[in-house]
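Have a look at the structure below before the remarks.
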Amino acid sequence: MEEHDLLSLKQPSAIRWLSLERAVKGIRANRVALVLELQEEEAARHCPVAKGIRKRLRTLMFPALTHLLTDVLAVVNRMNLTFQKEDVNISSIQPVVNMTLASLDDLMNGPGEAETKCNEALQDGKFCGITLTQADVQTFSRVRTAHIAEITKSIKKRFPSEHVGIIADLDTVINASRYPGADSTLKSYGLEALERVFDHYGRFRIPPVGSNGL
113 MEEHDLLSLK
123 QPSAIRWLSL
133 ERAVKGIRAN
143 RVALVLELQE
153 EEAARHCPVA
163 KGIRKRLRTL
173 MFPALTHLLT
183 DVLAVVNRMN
193 LTFQKEDVNI
203 SSIQPVVNMT
213 LASLDDLMNG
223 PGEAETKCNE
233 ALQDGKFCGI
243 TLTQADVQTF
253 SRVRTAHIAE
263 ITKSIKKRFP
273 SEHVGIIADL
283 DTVINASRYP
293 GADSTLKSYG
303 LEALERVFDH
313 YGRFRIPPVG
323 SNGL
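Heads up: the sequence shown begins at 113 in our numbering, then just goes up one per residue.
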């Protein structure tokens with residue numbers, strides 16, 4: 113976060129999905145302060161909740177997951193914001209979904225920007241100068257793979273490739289801005305896309321002109 117961005121962390125609370133990315137960034141930016149505050153809370157009030165949270169924050173899993181979530185949420189939120197609009201341009205659906213899946217595939221194959229910074233900050237069992245009580249890299253690797261795979265699976269289930277393809281075909285057929293200018297090309301334009309739309313939704317037989325004697 114920028115140096116001029118000031119955050120006030122008061123208490124845990126429920127947040128909207130689209131606000132989760134900012135919440136994760138806030139935790140990342142204030143992690144050291146959170147650990148120190150929890151230590152003071154534990155020492156002064158002997159608070160078992162503060163002790164439990166502090167222990168979790170001092171494991172490798174916590175900073176590793178928050179940095180991973182930063183990368184994943186940056187990808188997923190771009191898609192979510194597209195569908196938050198009142199009027200979604202159907203021509204944007206296939207590119208946005210494909211780009212999201214491709215970005216998640218990149219994350220599956222290697223760390224993103226935030227996770228790379230996390231890896232660089234890990235030195236001799238410490239993160240940002242705080243000694244980690246558990247540094248099980250293999251466990252995080254398994255959790256990481258499972259998390260990205262589940263997000264990818266969820267998106268593919270929500271947007272099946274055949275349905276996304278049909279939406280693209282609909283855009284080809286009904287989006288006048290994509291029609292070719294030449295009459296010779298226009299005659300055959302979009303026929304394959306129209307055929308796939310008919311196959312998907314069922315063929316509607318239109319009686320030929322004059323079949324009723326008119």
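Heads up, the beta-carbon is just placed ideally off N, CA and C, and yes, glycines get one too.
Just so it is clear, the structure is predicted and the values come from calculations on it, not from any experiment.
Practice task
Apply the 10 Å Cβ neighbour rule to Met113 and answer buried if 16 or more other Cβ atoms are within range, or exposed otherwise.
Solution key: Because Met113 sits at a pLDDT of 43, beneath the cut-off of 50, its placement in the model cannot be relied upon, and the point is left open.
Exercise for the section: Please state whether DSSP places Gly138 in a helix, a strand or coil. Expected result: Three-state DSSP puts Gly138 in a helix.
Practice task
Verify whether the separation of the beta carbon atoms of Val147 and Thr182 is less than 8 angstroms.
Solution key: No, they are not a contact pair.
Problem - Straight-line Cα distance separating Arg168 from Val276 - result: In a straight line, the C-alpha of Val276 is about 41 angstroms away from that of Arg168.
Practice task
Write down the C-beta distance between Arg166 and Glu154 rounded to the nearest angstrom, noting that I regard them as a contact closer than 8 angstroms.
Solution key: Confirmed, Cβ separation roughly 6 angstroms.
Practice task
Could you give the DSSP three-state label for Thr251: helix, strand or coil?
Solution key: Thr251 falls in the helix class under three-state DSSP.
Practice task
Within its chain, find whatever has a CB closer than 8 angstroms to the CB of Ser204; leave out the 5 residues flanking it on each side and keep chain order.
Solution key: These residues qualify, in order along the chain: Thr194.
Practice task
State the Cα-Cα distance for the pair Thr264 and Glu232, rounded to the nearest angstrom.
Solution key: Using only the alpha carbons, I get a separation of about 27 angstroms.
Exercise for the section: Work out the CA separation of Cys159 and Val209 for me, nearest whole Å. Expected result: Roughly 46 angstroms separates the two Cα atoms.
Exercise for the section: Examine the Cβ distances between the stretch 285-294 and the stretch 211-226 and report whether three or more of them are shorter than 8 angstroms. Expected result: They do not touch, by the three-pair rule.
Handout entry: Local conformation of Thr264 per DSSP, three classes
Key = Reduced to three states, the DSSP call for Thr264 is helix.
Practice task
Classify His179 as buried or exposed, calling it buried when 16 or more other Cβ atoms lie within 10 Å of its own Cβ.
Solution key: Counting the other Cβ atoms within 10 Å of the Cβ of His179 gives 16 or more, which makes it buried.
Problem - C-alpha distance - Leu172 paired with Asn201, whole-angstrom precision - result: When only Cα atoms are considered, Leu172 and Asn201 end up about 42 angstroms apart.
Handout entry: Those residues which DSSP pairs with Gln235 across a bridge
Key = Lys238.
Practice task
Could you name the residues of the same chain whose beta carbon sits closer than 6 angstroms to that of Met220, not counting the 5 residues immediately before and after it, in chain order?
Solution key: Cβ neighbours of Met220 beyond the five flanking positions: Ile260.
Practice task
Tell me, to the nearest whole angstrom, how far the beta carbon of Leu185 is from that of Glu262; I am working on the premise that it is less than 8 angstroms.
Solution key: Between Glu262 and Leu185 the Cβ distance is about 14 angstroms, and since that is not below 8 angstroms, they are no contact.
Practice task
Determine, using beta-carbon pairs with one atom in the stretch 303-310 and one in the stretch 233-241, whether at least three such pairs fall under 8 angstroms.
Solution key: Judged by Cβ distances under 8 angstroms, the stretch 303-310 makes no contact with the stretch 233-241, as fewer than three pairs qualify.
Practice task
Flag this pair as yes or no: are the beta carbons of Val255 and Leu282 separated by less than 8 angstroms?
Solution key: Cβ distance not < 8 angstroms, so Val255 and Leu282 don't count as in contact.
Practice task
Can you grab the Cα-Cα spacing for the pair Pro207 / Ala288, in whole Å?
Solution key: Cα to Cα, Pro207 sits roughly 19 angstroms from Ala288.
Problem - Exposure of Ala226, with buried meaning 16 or more beta-carbon neighbours within 10 Å - result: Counting the other CB atoms within 10 Å of its CB gives Ala226 a total of 16 or more, which places it among the buried residues.
Exercise for the section: Quick one: using the 10 Å Cβ neighbour count with 16 as the cut-off for buried, is Ala176 buried or exposed? Expected result: Buried is the call here.
Handout entry: Buried or exposed by the 16-neighbour rule on C-beta atoms within 10 Å, applied to Val188
Key = Val188 should be labelled buried.
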